[in-house]
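Sequences listed follow chains A and B, in order.
For the first sequence, this note's numbering assigns the number 1 to the initial residue and increments by one for each residue that follows.
For the second sequence, this note's numbering assigns the number 427 to the initial residue and increments by one for each residue that follows.
C-beta: ideal position from N, C-alpha, C; glycine also.
Quick notes on the structure that follows.
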Amino acid sequence: MKLLYSLYKEYKVLIRDRAGLAITFIMPTVLILIMTLIQDSTFKSVNESSVPLLYVDRDHDSLSQTLEKYINNSRFFVITKKQLSNEEVKKEIAQGHYFIGIIVPEHTSQKLRERSTTRIAKLLNSFSGDSTATDETAGTDTSRISLNLFFDPITKKSFKTTISNSIERIISQIEMQGMVSALNEKMSETFPDAKPAAMENTPLVSVTEEYASYNNSTIIPNAVQHNVPAWTLFAMFFICIPLGGNIIKEREDGSAFRLLTMPGSYFIVMLGKLLTYTIVSLIQFGLMLLVGLFVLPLLGLPQLNTGDSLPLLFLIALSAGLAATGFGLLVGTVASTHDQAALFGAVCIIILAAIGGVWVPTFVMPDIMKTISVVSPLNWGLESFYAVFIRNSTLKEVWPEILKLWLFFGATLGGAFLFHKYKRLK
Amino acid sequence: MSVLVDIQHVTKQYKEAARPAVSDLSMKIEKGDVFGLLGPNGAGKTTLISMLCGLFPPGSGKIYINGHTHETHSRESKQAIGVVPQEIALYPKLTAWENLNFLGHMYGLKGNSLKESIRMHLSVLGLEANMHQKIMSYSGGMKRRVNLIAGLLHNPQLLILDEPTVGVDIQSKQAIIDHLKKMNRENGMTILYTSHHLEEAEDFCNVIAIIDHGELITQGKTKELIAQYNCSSIEEVYLKITGNKFRDK
């Protein structure tokens with residue numbers, strides 16, 4: 001009953017504290033919206049999931065059409081077709097409107113067909129020993145057939161190589177098809193009554209690629225999957241400021257003194273604070289999930305993929321919430337004034353957030369920072385959320401991070417208790 | 427009359443302090459007394475009250491409240507005490523009713539008895555009409571009256587008052603003193619009162635103790651003390667004992 005009334009009192013105090021509510025709920029929502037919008041393009045360049053491509057088709061024949069079809073089917077690019085000069089294409093790319101520009105010159109298909117026919121003829125004639133026939137069928141244009149590729153100067157070398165290789169592979173397939181068609185033609189001349197079956201053009205060897213997730217998920221991390229858990233954890237730990245302030249205020253106005261003189265009440269009141277603020281952090285988590293699921297898509301951002309295990313997400317959020325509340329209790333106990341708690345708490349959280357990969361994800365950090373990041377409780381929470389969102393991990397995989405959060409909670413709670421006792425006895 | 431509070435040779439020395447805040451202090455408070463604990467700043471009143479409330483144990487000596495010590499019977503000792511701190515120890519964003527309801531539950535009260543107790547005290551102290559207003563909207567005198575009620579709700583055997591009337595208007599002061607006298611008279615509530623208002627102390631308390639430098643200087647019935655020191659008021663006795671020097675820290 002005492003605990004229930006303690007919870008009710010904390011709820012009433014919290015609900016009437018507008019500044020505290022703003023820090024608790026509005027700040028993380030705004031941070032998620034702003035940071036996700038800012039970082040979306042950066043994450044896209046890492047994810048390369050929808051690369052804008054400018055396609056200039058001057059060929060209007062089989063090669064350019066087949067190339068376009070292949071590029072479309074790759075689902076790697078967003079194609080925009082325009083008829084522009086080489087200089088105009090360069091300008092468009094340089095201005096950052098497109099990552100890549102491809103120009104298929106005039107008569108490319110026709111040249112390819114001619115070259116294929118020449119090569120096949122040369123090959124077949126070599127069997128009959130008639131080397132002169134080769135020259136008769138050879139085209140007059142001996143220059144290489146070339147396509148023009150333009151890349152945005154900011155494109156990373158590895159990404160450029162990947163794209164070039166992909167396009168070269170597509171062109172190789174088209175070349176192969178051209179050669180097979182030329183061979184068919186030649187064979188038809190030699191065997192006019194034959195009815196050859198259509199050549200199968202599916203690759204004989206295929207490479208299957210899969211992300212090493214625990215289930216069958218192949219989710220690639222994006223700005224939403226980073227920013228939603230990152231800023232939710234930041235907000236959860238920022239609870240230390242209103243919570244620390246709440247404890248100090250009780251101490252300053254004599255309420256703590258009064259509560260300490262009541263039988264068993266101080267412990268109950270502290271437990272009430274702990275539970276109330278843990279519930280608040282869970283509400284924060286729920287709210288931020290809703291932002292990720294329903295608000296961010298309205299802004300043209302990807303929808304948050306929450307993975308398969310909501311109970312595990314709840315457990316991670318609960319663990320992070322307890323760790324954050326424990327830290328708040330410690331700050332409130334150690335700090336002497338409200339200003340001290342606000343400053344110390346804010347600086348601590350900002351540093352822990354920076355180290356833990358909230359501002360800049362750990363996967364783009366230098367190795368030394370990656371090593372340091374493991375000391376931050378925000379990193380433990382973030383890694384756990386990543387594991388569920390991106391890799392569909394189970395408790396079996398994330399329990400070490402969850403255990404760290406619980407140990408941090410125990411340590412901060414123990415620290416607060418010991419410091420409180422020390423201050424009373426001093 | 428039987429003894430409610432028995433303080434036996436209590437000493438308390440804070441770390442890094444040159445001398446003890448309370449030094450080998452012994453005194454008794456009998457049931458039903460209105461006991462005035464007087465002394466200049468730094469005399470050891472707050473330390474003594476903190477030990478009486480069980481905030482920390484004495485360095486040496488014993489404090490018995492109704493036969494129990496905080497060290498062995500914390501719950502019983504604390505349940506016997508009601509505290510009215512000098513600060514307005516209330517939640518400003520909660521209403522008077524919400525504050526008292528919460529604090530009453532913390533004392534282990536519940537149901538109709540708690541509600542009736544809150545209503546009775548609010549009514550006597552003229553706050554019933556404002557009980558659903560937030561404390562932050564109250565005047566200083568109204569806050570003091572709610573602060574007092576918070577210590578009275580569980581009808582404690584010993585009520586400890588630290589400057590209960592400081593900074594309040596004369597009407598609120600009168601209402602507070604009258605209510606305390608009534609509680610003492612009708613419920614037999616023992617009151618330990620500290621104040622720098624010596625005139626108020628003389629009028630309100632039947633027993634006065636003056637401490638200085640952590641030691642008990644004198645203790646006795648108010649009128650007997652005045653007579654003993656051949657003075658006309660407690661203020662004169664106080665100045666005679668403690669001197670005219672400033673007691674700035």
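- Per DSSP, the beta-bridge partners of A635(B) are L463(B), Q645(B).
- Between L584(B) and I475(B), the CB-CB gap reaches or exceeds 8 Å.
- No Cβ of chain B is located within less than 8 Å of the beta carbon of P361(A).
- Look at K541(B): its C-beta is not under 8 Å from any C-beta on chain A.
- Residue I145(A) holds the alpha-carbon nearest to the alpha-carbon of L112(A) among I102(A), I145(A), K122(A).
- Burial is judged here by how many other beta carbons sit within 10 angstroms of a residue's own beta carbon; L535(B) has at least 16 and is buried.
- The alpha-carbon of I355(A) is positioned some 14 Å away from that of F237(A).
- The beta-carbon separation of L378(A) and L233(A), rounded to 5 Å, stays under the 8 Å limit for a contact.
- Under the three-state reduction of DSSP, N148(A) is assigned to strand.
- Using a Cβ-Cβ cut-off of 9 Å, S500(B) is close to P263, G264 of chain A, given in chain order.
- Among the CB atoms of chain A, one or more fall inside 8 Å of the CB of K504(B).
- Neighbourhood of M568(B) in chain A, by CB distance below 7 Å: empty, with the nearest CB roughly 16 Å away.
- For the pair E168(A) and A324(A), the Cα-to-Cα distance works out to about 53 Å.
- Contact note: M1(A) reaches chain B through H531, G534, K536, using a C-beta cutoff of 9 Å and chain order.
- Residue contact check for I507(B) against chain A: a CB pair falls below 8 Å.
- Listed in chain order, the alpha helix (DSSP H) elements of length 4 or more contained wholly in the segment 14-86 of chain A are 18-21, 27-47, 62-74.
- A straight line joining the alpha-carbon of I643(B) with that of V448(B) spans about 12 Å.
- Per DSSP, G470(B) lies in no beta strand (DSSP E) segment and is marked neither H nor E.
- Excluding its 5 nearest sequence neighbours in each direction, H420(A) has C-beta neighbours in its own chain below 6 Å: T333, listed in chain order.
- With a threshold of 8 Å between beta carbons, L260(A) makes contact with chain B.
- Per DSSP, the unbroken alpha helix (DSSP H) holding Y664(B) starts and ends at 660-668.
- Proximity of chain B to K12(A) at the Cβ level (cut-off 7 Å) is accounted for by L520, E524, in chain order.
- Here the C-alpha atom of Q284(A) lies approximately 20 Å from the C-alpha atom of A342(A).
- Within chain B, the C-beta atoms nearer than 8 Å to that of G254(A) come from P511, Q512, E513, I514, A515, in chain order.
- When Cβ pairs closer than 8 Å are counted between the two stretches, the segment 602-611 of chain B is seen to touch the segment 573-591 of chain B, the count reaching three or more.
- The CB of L481(B) comes closer than 9 Å to the CB of F257, L260, T261, R424 in chain A, given here in chain order.
- For F528(B), the nearest CB of chain A lies under 8 Å from its own CB, placing it at the interface with that chain.
- DSSP places Y422(A) in the helix class (H, G or I) of the three-state scheme.
- The alpha-carbon of G178(A) is positioned some 34 Å away from that of P153(A).
- Contact with chain B is absent for R18(A), since none of that chain's Cβ atoms lies less than 8 Å from the residue's Cβ.
- Per DSSP, the beta-bridge partners of K488(B) are Q434(B).
- Excluding its 5 nearest sequence neighbours in each direction, T591(B) has C-beta neighbours in its own chain below 6 Å: K599, I602, listed in chain order.
- Here G593(B) is not near G614(B), since their CB atoms are 8 Å or more apart.
- Here I316(A) is near G381(A), since their CB atoms are less than 8 Å apart.
- In the DSSP assignment, V347(A) falls within the alpha helix (DSSP H) that extends over 338-356.
- Residues of chain B with a Cβ closer than 8 Å to the Cβ of K9(A) are, in chain order, Y517, L520, E524, F528.
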